[in-house]
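Structure first, commentary second.
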Amino acid sequence: MKIILRLGGHVVWNEVLTPNVSILKEYSEVLKKAHDEGHIIHIVIGGGPPSRAYINALTHLNASNALKDYVGAMIARANAYLIACALGELAHIPIPKNFSEVMDAIGKGKIVICGGLQPAQSTLAVAALLAELINADYLVNATTVDGVYTDDPKKNPNAKRLDKITISELRKILRDRFMPGTYELFDELSLEILLRSKIKAVVLDGRNPDNVYKLLQGERVGTLIIPQ
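If you read the sequence shown in my numbering, its first letter stands for residue 807, the second for the next number, and so on.
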């Protein structure tokens, strides 16, 4: 199976700005096992709490949005080195800084890991582009919730998790602001890329790395997003 794993920054960092080394090691074990079994996996990691802390500080310092975007991309790239170090020789080093370097790295038998590639482009959009590039079976969004809900589960205890949803239906949920930034799902650009390339996506709980392996073994995990 071919997947792009988009790993949310909040999965590997806590709110007091300490990286979760144990979960990085767990991911390395899962990814090495999957690689040995012949699965093709590349990773895009988000900025998480460190990125938000920097952007908040830059906002108070009257930095431009362009500069904040640039710094956010740099921090996500620094996060990529955490995963790369956990993976050891299996990881492609150096971390790609742009899409051209990603294309050069893919196909060399290593796991390619990247953060942001350019300002004003989310790591979700980067992950969607990489999924399109390798014609992935799935884009896997490993985040801090276990799927897509009808409402924000952190605020509404009656919110229901959906087993599957179309992109059109997901757009309506996002448009109606049921989940206003409390956790990341997909932005509009990433959804548009998935739709045009007809690539399925899965939102799952990335706090348990075994969920990724279960998906690779054909188990149903999280919410399946259908490109319709």
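All C-beta atoms in this analysis are idealised placements derived from N, C-alpha and C, irrespective of residue type, glycine included.
Only a predicted model underlies this, so the values are computations on that prediction, with no experimental measurement involved.
- Spatial neighbours of Ser-870 in its own chain (CB-CB distance under 6 Å, excluding positions within 5 residues in sequence) are not present.
- Around the beta carbon of Thr-949, a 10 Å sphere encloses 16 or more other beta carbons of the protein chains shown; the residue is thus reported as buried.
- By the neighbour-count definition (other C-beta atoms within 10 Å, threshold 16), Val-836 is a buried residue.
- Residue environment for Arg-812: buried (at least 16 other C-beta atoms within 10 angstroms of its C-beta).
- The beta carbons of Ile-899 and Gly-878 sit no closer together than 8 Å.
- Less than 8 Å separates the beta-carbon of Pro-1033 from that of Leu-1001.
- Per DSSP, Arg-812 is not a residue of any alpha helix (DSSP H); the beta strand (DSSP E) it occupies stretches across 808–813.
- Counting every other CB atom within 10 Å of its CB across the protein chains shown gives Leu-945 a total of 16 or more, marking it as buried.
- Cβ neighbours of His-841 within its own chain (closer than 7 Å, five residues either side excluded): Ile-847, Leu-896 and Ile-917.
- Counted as a single uninterrupted DSSP element, the stretch harbouring Thr-956 is not any alpha helix (DSSP H), since DSSP gives it neither H nor E.
- Sixteen is the threshold: since fewer than 16 other Cβ atoms of the shown chains lie within 10 Å of the Cβ of Ala-863, the residue is exposed.
- Going by C-alpha positions, Ala-911 is about 12 Å away from Leu-936.
- Closest in alpha carbon position to Asp-952, among Lys-961, Asn-941 and Leu-968, is Leu-968.
- Look at Lys-1020 here: in three-state DSSP terms it is helix.
- DSSP places Arg-1013 in the coil class of the three-state scheme, outside both helix and strand.
- Three or more Cβ pairs closer than 8 Å define a contact, and the region 873–888 meets that threshold against the region 923–938.
- Around the beta carbon of Val-822, fewer than 16 other beta carbons lie within 10 angstroms, which makes this residue exposed.
- Relative to Lys-966, the option among Leu-976, Arg-977, Ile-973 and Val-954 whose CA is nearest is Val-954.
- Around the beta-carbon of Gly-894, fewer than 16 other beta-carbon atoms lie within 10 Å, marking it exposed.
- The alpha-carbon separation between Ala-884 and Trp-819 amounts to approximately 12 Å.
- As the crow flies, the alpha-carbon of Ile-829 is around 30 Å from that of Ile-999.
- Contact check for Ser-996 against Ala-931 passes: the beta carbons are separated by less than 8 Å.
- Out of Leu-867, Ala-890 and Pro-902, the CA that lies nearest to the CA of Met-880 is found in Pro-902.
- Counting only the Cα atoms, Pro-963 lies some 45 Å from Ser-906.
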